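So the structure is just underneath, and the comments pick up after that.
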Amino acid sequence: MLNLSPRMGARLTNAQFANLHTFLVAARHLSFARAAEELCLTASAVSHRIARLEQGLSLALFHRLTRRVALTEDGERIYRILQGAMGELSEALQQTPQAEVAGAIALYVRPSLAQCWLVPRLADFSARYPHISLDIRVGNDNVDFRTQAIDLALYYADGEFPGLVGSKLMGEMIAPVCSPEYARKHGLLDTPDNLRHCTLLHDSLAWHNAAYDAEWRLWARHHQMEALLPGRSLTFDRSDLCVIAALNHGGIAIGRHQLVQKRIDKGELILPFGSFTQPGHYDYYLVHPPYEATPKRLQVLIDWLHECASQPLPATA
């Protein structure tokens, strides 16, 4: 336990700025040892710098636990402020003489959404903001913003993001989809009972912590058709792979309106049991850590994504 003096006008000195940088790195890693590696210091030196910072600020920034460290409430607050300030400084240093928005952004996206919705639109973003380097990363896990170098995440989720800032980008509806040939072969049109003879195509990672058949169960429960769900299935870890299997007559998939409507418009897929519905509370959300002020380069990306969400996919996609 640190013996901190009472806060009597605590202020930063020149010596404390190096300690603040050390704190920023240690807070990002939640490890003095990993911070020491990045800073080319010893773990002891990192610990001493942070202790001096805590003494100077009269604030406990870390809980020292047996095998790890964790940020205190004050530590979390100072870390968020420093993150925002460093982002703003980095952005200012990278500005072009014409003061165009510049910098790098790491955007984490669910694979199917990246493939079917985001990537076909990226040429427009690059044309508008040629000085922003966009790093697209895909995956089905939720991001730990403190330990991963991610600026913004785009999730298919229920809107619950404790400790983070989440804003709804666009809604989503679902419905079973299959090829016209598969529907004819299995007599699906206007005969939902024949679903029991089909092969279900499952996205096993539809959302965080979902069961492998969660999306089908959600739809079937809403339409009181759970008794018709067959046991025969093919399982993937991406919604777009389910759709590709459906296009090739491999079964019937749960289609997401935002991702499959163009396939339906082209006649490649059909809705054998009627239109899209929203049986649950799963939509698309933009998620990021709290900032005192959102960096301008990140704000223009957020604004552009909202603009895209209000428009149809380009005809050439």
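Going by the working numbering, the sequence shown wraps up at 470, each residue one higher than the last. Beta carbons are placed, not taken as given, at the ideal position from N, Cα and C, and that holds for glycine. Here the structure is a predicted model, which means the values were calculated and not measured.
What first and last residue would you give for the beta strand (DSSP E) that runs through residue i?
| i | result |
| --- | --- |
| Gly-256 | 256-262 |
| Leu-212 | No beta strand (DSSP E) holds Leu-212; DSSP gives it neither H nor E. |
| His-355 | 353-356 |
| Ser-463 | Note, Ser-463: premise wrong, no beta strand (DSSP E); not H, not E. |
| Gly-322 | For clarity, residue 322 is Leu in the given sequence; the question names Gly instead. From DSSP, the beta strand (DSSP E) with Leu-322 extends over 318-323. |
| Ser-286 | 285-291 |
| Leu-224 | 222-224 |
| Ala-280 | Careful: Ala-280 lies outside any beta strand (DSSP E), inside the alpha helix (DSSP H) at 275-281. |
| Leu-381 | Here Leu-381 belongs to no beta strand (DSSP E), and DSSP marks it neither H nor E. |
Starting from the C-beta of residue i, find all residues in its chain whose C-beta is less than 8 Å away, skip the five residues before and the five after it, and write them out in chain order.
| i | result |
| --- | --- |
| Gly-324 | Gln-431, Asp-436, Tyr-437 |
| Gly-427 | Ala-328 |
| Arg-221 | Leu-183, Ser-184 |
| Glu-460 | none |
| Ala-462 | Leu-322, Met-323, Tyr-437 |
| Glu-191 | Val-178, His-182 |
| Leu-400 | Ser-332, Arg-416, Glu-421, Leu-422 |
| Leu-317 | Phe-298, Val-440, His-441, Pro-442, Pro-443 |
| Leu-381 | Pro-345, Asp-346, Leu-348, Arg-349, Ala-373 |
| Val-272 | Ile-289 |
| Ser-200 | Phe-185 |
Got a sec? Which residues, its chain only, sit under 6 Å from residue i by beta carbon, not counting five neighbours each side?
| i | result |
| --- | --- |
| Ile-303 | Ala-259, Tyr-261, Val-296 |
| His-342 | Looking at the sequence shown, residue 342 is not His but Leu. The residues are Ala-336, Pro-425. |
| Phe-278 | Trp-457 |
| Gly-433 | Leu-371 |
| Leu-235 | Leu-177 |
| Ile-405 | Pro-329, Cys-331, Cys-351 |
| Arg-233 | Pro-443 |
| Arg-202 | Asn-172, Thr-175 |
| Thr-388 | His-355, Ser-357, Tyr-365 |
| Phe-314 | Val-440 |
Leaving out the 5 sequence neighbours to the left and right, which residues in its chain are closer than 7 Å to residue i when beta-carbon positions are compared?
| i | result |
| --- | --- |
| Thr-195 | Ala-189 |
| Arg-409 | Glu-325, Ile-327, Ser-392 |
| Arg-205 | Asn-172 |
| Ile-285 | Val-254, Ala-255, Gly-256, Ile-258, Arg-450 |
| Ser-265 | Arg-391, Ser-392, Asp-393, Leu-412 |
| His-339 | Asn-347, His-350, Cys-351 |
| His-119 | It is not possible to answer for residue 119, since the shown part of the chain is limited to 154 through 470. |
| Ala-186 | Ala-196 |
| Tyr-282 | Val-254, Val-453 |
| Pro-250 | Bear in mind that a pLDDT of 46 at Pro-250, under 50, signals an unreliable position, so the number given afterwards is only what the model happens to contain. Closer than 7 Å at the Cβ level, and outside the excluded window around Pro-250, lies no residue. |
| His-361 | Asn-295, Ala-310 |
Tell me the DSSP bridge mates of residue i?
| i | result |
| --- | --- |
| Thr-447 | According to DSSP, Thr-447 bridges with nothing at all. |
| Cys-331 | Ile-423 |
| His-441 | Val-318 |
| Leu-305 | Leu-260 |
| Ala-310 | Asp-436 |
Among the options, which has the Cα closest to the Cα of residue i?
| i | options | result |
| --- | --- | --- |
| Gly-384 | Leu-348, Ile-417, Ala-306 | Leu-348 |
| Gly-292 | Ser-286, Gln-301, Gly-228, His-284 | Gln-301 |
| Ser-211 | Thr-219, Gly-228, Ser-357, Ala-310 | Gly-228 |
| Asp-107 | Pro-333, Leu-307, Tyr-309, His-216 | Here the chain comprises residues numbered 154 to 470, so residue 107 is not present and cannot be evaluated. |
| Pro-465 | Val-413, Phe-429, Glu-368, Ala-186 | Val-413 |
| Cys-395 | Glu-368, Glu-313, Glu-445 | Glu-368 |
| Asp-288 | Ala-267, Gly-420, Arg-299 | Ala-267 |
| Phe-170 | Glu-191, Gly-209, Arg-181, Ala-186 | Gly-209 |
| His-378 | Leu-358, Phe-389, Asp-346 | Reading the sequence as shown, one finds Met at residue 378 and not His. Checking every option, the nearest Cα to that of Met-378 belongs to Asp-346. |
| Ala-398 | Asp-356, Leu-454, Arg-374, Arg-290 | Asp-356 |
| Asp-311 | Leu-354, Arg-290, Ala-359 | Ala-359 |
| Arg-230 | Glu-445, Val-453, Leu-454, Gln-452 | Glu-445 |
| Ile-478 | Ala-363, His-361, Ser-200, Leu-305 | In the structure displayed, the chain extends from 154 to 470; residue 478 sits before or after that span and is not available. |
| Phe-429 | Tyr-308, His-376, Leu-353 | His-376 |
| Arg-217 | Ala-180, Gly-237, His-361, Gly-319 | Ala-180 |
For the alpha helix (DSSP H) that residue i lies in, which residues bound it at each end?
| i | result |
| --- | --- |
| Leu-387 | Segment 386-389 is the beta strand (DSSP E) holding Leu-387; no alpha helix (DSSP H) there. |
| Glu-191 | 185-192 |
Subject >> Any alpha helix (DSSP H) of 4 or more consecutive residues that is wholly inside the stretch 399-436 >> reply: You should have 410-418.
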